[in-house]
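Student: Take 96 as the starting number for the sequence shown in our numbering and just add one per residue. Ideal Cβ placement from N, Cα and C applies to all residues, glycine included. Handing you this structure, nothing more for now.
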Amino acid sequence: MSAETPAVSGQFAHRRTQFAAWRGTRPFWAGLFVMLGGLPIAYFPYANLQIGHLTLAMQTAGGSSSLIIGVLLVVLGFTLWFQKHVRTFAGVAAILLALVSIPLSNLGGFLIGFLLALVGGAMAVSWVPARDSDAQPAQPDTRGGESAPAGAADPDTTILKPVVGEPNDLSGTSPANGANGRHSAG
């Protein structure tokens, strides 16, 4: 799309709602906090502070460990965004890296990176996916009289009943589907 091409009306709103839907299905804010926590941890050991004509170099022996910790935190933040099923591992790893950054990298980026990574890791561990929107809440008993316990409408719910006209082969290897007794990998 070039600068001369007019924007389609509603396209920005459509993209914004797409982003909001994407953001709502993963620990977005946890990933953002973890990434923002990794930046000061990796930056401060290599920063030069100018105070008038005085240059204050913050290069320490822990510079390599600070760089490794900061890069790992940024990678864990992206992992939280794009691999939401490893959120517990990434959250615990972010918390541990934040704790390790205190002695190894200038008090965890002068406590800024430490606190951001710690909060982001805690948010990642505590995040749970939303329930399915098509799940219906339990309906109240409208039959009147005394209420029956759950599952009392059909007392024989533990026995599988055959379906008439359908093969009862649950293995997926019936000759009807062309597998002839073999699994799909064989």
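Since Gln-113 is in the alpha helix (DSSP H), which residue starts that stretch and which ends it?
Tutor: 106–119
Student: Under 8 Å, do Gly-216 and Ile-136 count as touching if we go by C-beta distance?
Tutor: Against a cut-off of 8 Å, the Cβ pair of Ile-136 and Gly-216 comes out as no contact.
Student: Would you call the segment 107–116 in contact with the segment 178–191, where contact means no fewer than 3 C-beta pairs closer than 8 Å?
Tutor: no
Student: Based on the DSSP output, what are the partners of Gln-145 in its beta bridges?
Tutor: Thr-150
Student: Taking Pro-122 as the reference, which of Ile-207, Ala-212, Gly-172, Gly-132 has the closest Cα?
Tutor: Gly-172
Student: Are there 16 or more other CB atoms within 10 angstroms of the CB of Asn-143, so buried, or fewer, so exposed?
Tutor: exposed
Student: Looking at the unbroken alpha helix (DSSP H) that takes in Ala-188, where does it start and where does it end?
Tutor: 182–199
Student: If we count the other Cβ atoms within 10 Å of its Cβ and call it buried at 16 or more, is Leu-149 buried or exposed?
Tutor: exposed
Student: Going by C-alpha distance, which of Leu-211, Ser-161, Phe-139 is nearest Trp-124?
Tutor: Leu-211
Student: Under a three-way DSSP split, which group does Ala-125 fall into?
Tutor: helix
Student: Mind checking whether Phe-209 and Ile-197 have CB atoms under 8 Å apart?
Tutor: yes
Student: So, helix, strand or coil for Tyr-176, using DSSP?
Tutor: According to the sequence provided, residue 176 is Trp. The question's Tyr does not apply to it. If DSSP states are grouped into helix, strand and coil, Trp-176 belongs with the helices.
Student: Secondary structure at Leu-167, three-state DSSP: helix, strand or coil?
Tutor: helix
Student: Let's see if you can read the secondary structure: which residues bound the alpha helix (DSSP H) around Phe-139?
Tutor: Taken as a continuous stretch (DSSP letters only), Phe-139 belongs to no alpha helix (DSSP H), as it is neither H nor E.
Student: Would you decide whether Ala-108 is buried or exposed? Buried here means 16 or more other CB atoms lie within 10 Å of its CB.
Tutor: exposed
Student: Grab the span of the alpha helix (DSSP H) containing Ala-219 for me, first residue to last.
Tutor: 207–221
Student: With a threshold of 8 Å on Cβ separation, who are the neighbours of Leu-162 within its own chain once the five nearest residues in sequence on each side are excluded?
Tutor: Ala-137, Pro-140, Tyr-141
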